[in-house]
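Below is one structure; the comments refer to it alone.
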Ligand SMILES: Nc1ncnc2c1ncn2[C@@H]1O[C@H](COP(=O)(O)OP(=O)(O)OP(=O)(O)O)[C@@H](O)[C@H]1O
Ligand SMILES: [Mg+2]
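In this note's numbering, the protein residues as written are 7 to 255.
Structure (structure tokens):
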């Protein structure tokens with residue numbers, strides 16, 4: 007089975023807000039897929055629907071072949087939420103070991119935690135309580151918690167916000183290594199230079215998929231030099247399309 011995620015015609019409302027409007031998306035296994043879009047585009051809503059934490063009003067979501075929500079599949083997924091969901095009173099190591107156990111890690115929890123701590127460069131803060139960490143350190147701890155149980159699909163909601171440039175580069179190098187091991191990464195971002203590092207991108211706006219492809223395909227199709235310009239071009243085309251809907255007679 008080639009796809010990690012198959013999303014078909016998903017709609018989601020929050021009262022009057024139509025957050026996802028018939029969004030369909032297929033994500034192949036073993037790649038890094040970027041979800042790009044402005045504030046309120048629907049990125050977080052889409053990620054939570056992929057995890058089965060939110061249910062769509064209509065449409066179908068399959069992850070690793072199973073229709074979500076599915077508890078057995080949830081253990082094979084890792085999630086780094088946009089706002090870190092850590093236990094403030096526990097130390098960095100305790101948080102990471104907790105998520106390793108809850109995630110059903112097969113193997114040595116302590117060793118897996120050591121590796122995750124080293125990866126996010128928090129070895130000298132492993133015994134600090136989370137409430138004593140800086141914002142960027144919390145972000146790094148949150149990433150370690152998401153990947154410590156060695157998930158097959160990692161969903162990272164703006165993982166590098168607040169992370170310094172050097173560590174950001176290390177994160178992306180690690181994401182690439184995970185891909186080589188067959189792990190699928192789904193990363194939301196507004197940062198277009200990060201988008202360049204993704205194998206494929208989905209431009210999302212107003213709960214719709216504006217365009218989809220590799221960064222170079224998207225630039226070429228839009229006829230622009232940069233991804234920012236390509237995004238604006240696709241957004242303008244979509245807005246023009248909705249003003250003058252194509253009616254077949
Ligand atoms: N729990 C909720 N209750 C009500 N409205 C919500 C809720 N969650 C999201 N929304 C609305 O759904 C829309 C999409 O929000 P979402 O958080 O998915 O956007 P986003 O692309 O992740 O934005 P950001 O870049 O700011 O994180 C927004 O209009 C938001 O106000
Ligand atoms: Mg969001």
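Here a beta-carbon is modelled for each residue, glycine too, at the ideal position from N, C-alpha and C. This structure is a prediction, so every number in the text was calculated from the model and none was measured.
Under 6 angstroms Cβ to Cβ from residue i, same chain only, skipping five residues before and after it: list those, please.
i, result
"residue 79", "69, 70, 72"
"residue 162", "86, 193"
"residue 46", "none"
DSSP has residue i in a bridge; who is on the other side?
i, result
"residue 73", "68"
"residue 192", "39, 161"
"residue 23", "20"
"residue 243", "Residue 243 pairs with nothing; no bridge assigned."
"residue 13", "31, 67"
"residue 85", "161"
"residue 50", "Partner(s): none; residue 50 has no beta bridge."
Let me confirm a value: residue i is counted as buried when at least 16 other C-beta atoms fall within 10 Å, else exposed. Which label applies?
i, result
"residue 254", "Its pLDDT being 41, under 50, residue 254 is placed unreliably in this model, and the value from its coordinates should be taken loosely. Per the 10 Å Cβ criterion, exposed."
"residue 107", "exposed"
"residue 101", "buried"
"residue 221", "buried"
"residue 171", "exposed"
"residue 165", "buried"
"residue 67", "buried"
"residue 89", "exposed"
Less than 7 angstroms between C-beta atoms, sequence neighbours within five positions excluded: which residues of the same chain meet that for residue i?
i, result
"residue 58", "74, 75, 76, 80"
"residue 17", "26, 27, 28, 62, 63, 64, 65"
"residue 240", "209, 216, 217, 228"
"residue 54", "60"
"residue 51", "18, 25, 26, 60"
Between which residues of its own chain and residue i is the CB-CB distance below 8 angstroms, once the five residues before and five after are set aside?
i, result
"residue 215", "29, 30, 31, 208, 209"
"residue 219", "206, 207, 227"
"residue 128", "98, 143, 146, 147, 150"
"residue 115", "103, 106, 107"
| said: Count Cβ pairs between the segment 18 to 25 and the segment 174 to 192 that sit closer than 8 angstroms; are there 3 or more? | reply: Cβ pair count under 8 angstroms is below three, so no.
| Using the beta carbon as the reference atom, which residues fall closer than 7 angstroms to any heavy atom of ligand 3, ordered along the chain? | The model on display carries ligand 1 and ligand 2 but not ligand 3.
| said: Restricting to runs no shorter than 3 residues, where is the beta strand (DSSP E) found entirely within the segment 198 to 242? | reply: You should have 206 to 211, 214 to 219.
| query | Taking the runs of the beta strand (DSSP E) that are 3 residues or longer, which of them lie wholly in the segment 91 to 150? | reply | If we require 3 residues or more, the segment 91 to 150 turns out to have no beta strand (DSSP E) run fully inside it.
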